[in-house]
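Reading through the C-alpha cells given below for one structure.
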Amino acid sequence: MFRPCISRVTGSVLRAQHSGSVFSPKLLSAVRPLNVRFESSQPPRPDPSTTHKAARQVSDALERDWDAKIISYTELKPKTESPDPNSFLIDVREPDEVMQGMIPSAVCVPLTVLGEALRMPSETFKEKFGFEKPKRDQEVTFYCRSGKRSTTASDIAKRNGYTNILNYTGSWLEWTEKEK
3 MFRPCISRVT
13 GSVLRAQHSG
23 SVFSPKLLSA
33 VRPLNVRFES
43 SQPPRPDPST
53 THKAARQVSD
63 ALERDWDAKI
73 ISYTELKPKT
83 ESPDPNSFLI
93 DVREPDEVMQ
103 GMIPSAVCVP
113 LTVLGEALRM
123 PSETFKEKFG
133 FEKPKRDQEV
143 TFYCRSGKRS
153 TTASDIAKRN
163 GYTNILNYTG
173 SWLEWTEKEK
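3 is the number of the first residue of the sequence shown in the working numbering; add one for each residue after it.
Take a look at the structure:
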C-alpha cells in the first residue's frame with residue numbers, strides 16, 4: 003500500500019539530491035497527497051456547512067416552540083390600575099434595582115432565585131416572598147429593566163410548568179418613559 007508512495011518520494015529525493023537541494027521546487031511539486039482513505043476507527047468528518055445548517059434548524063425549531071405572549075404598555079397599564087387577584091405581575095430585577103421603583107401592583111422575585119422559587123412548596127414561597135405562589139395555570143407577567151431578564155424568566159416559568167405566561171419586554175425603561 004505504501005510502496006508506490008515511498009518509491010515515488012524516494013525517486014524524487016534522489017533526483018533532488020543530485021540537483022543539489024533536498025527541498026527543491028521539483029521535489030515539492032513531485033510530492034502530492036494521495037487520495038486514499040486508510041483504515042480509520044473514526045467516522046469521516048462532517049462538512050462544516052451541513053453541521054452549521056443542522057444547528058440552525060434545531061435553533062429555529064426551538065424558537066418556533068416558544069409561545070410566551072408579549073404584552074405592550076397599553077395592554078399592561080389597565081391591569082396595573084385594577085389588578086386581578088388571579089394574575090401576577092412579577093419584577094425579576096434584583097432588590098437594589100427595585101429600590102428605584104416598581105410598576106404598581108408588581109411583586110419582586112429576582113431572576114437569580116426564580117427557578118428555585120417556582121419549585122418551592124406554596125407555604126415556603128409565601129413565607130419567603132410575602133404573597134401566594136402563582137398556580138401553574140394563572141396569568142403571570144414578567145418584567146425587568148430592559149426586557150432581557152423577563153424573557154429568561156418566561157422561559158424558566160415555562161420549564162416549571164406554567165402555561166399562561168406574558169412577557170412585558172418594554173419593562174421598567176419603557177414604563178418610566180411612558181409614565182412621565
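Glycine included, every Cβ here is placed at the ideal spot set by N, Cα and C.
- Apart from sequence neighbours up to five positions away, the residues of its chain that approach Pro136 with a beta-carbon distance below 6 Å are Phe90, Val142, ordered along the chain.
- Under the three-state reduction of DSSP output, Lys137 falls in the coil class, being neither helix nor strand.
- When C-beta atoms of the stretch 48–59 are compared with those of the stretch 95–112, fewer than three pairs fall below 8 Å, so the two segments do not count as touching.
- Around the CB of Phe144, 16 or more other CB atoms lie within 10 Å, so the residue is classed as buried.
- Here DSSP, grouped into helix, strand and coil, assigns Thr165 to coil.
- Per the C-alpha coordinates, the member of Ile92, Ser43, Asp49, Glu181 positioned closest to Tyr170 is Ile92.
- One alpha carbon belongs to Pro87, the other to Phe133, and they sit about 11 Å apart.
- Sorting Thr153, Ile158, Tyr75, Gly163 by C-alpha distance to the C-alpha of Ile105 places Tyr75 at the top.
- Under DSSP, Ser89 shares a beta bridge with Glu141.
- The DSSP-derived three-state label of Lys71 is strand.
- For Thr165, the closest alpha carbon among the candidates Leu120, Thr154, Arg47, Asp139 is that of Asp139.
- Nearest in C-alpha terms to Leu168, of all of Arg47, Thr53, Glu77, Pro45, is Glu77.
- From the listed residues Lys130, Pro80, Arg121, Gly172, the smallest Cα separation to Val109 is found for Lys130.
- Around the beta-carbon of Arg47, fewer than 16 other beta-carbon atoms lie within 10 Å, marking it exposed.
- With contacts defined by Cβ atoms closer than 8 Å, Pro112 and Arg95 form a contacting pair.
- By the Cβ-count criterion, Gly163 is exposed, with fewer than 16 other Cβ atoms from all chains shown falling within 10 Å of its own Cβ.
- Taking the CA atoms as reference points, Pro45 sits about 15 Å from Thr53.
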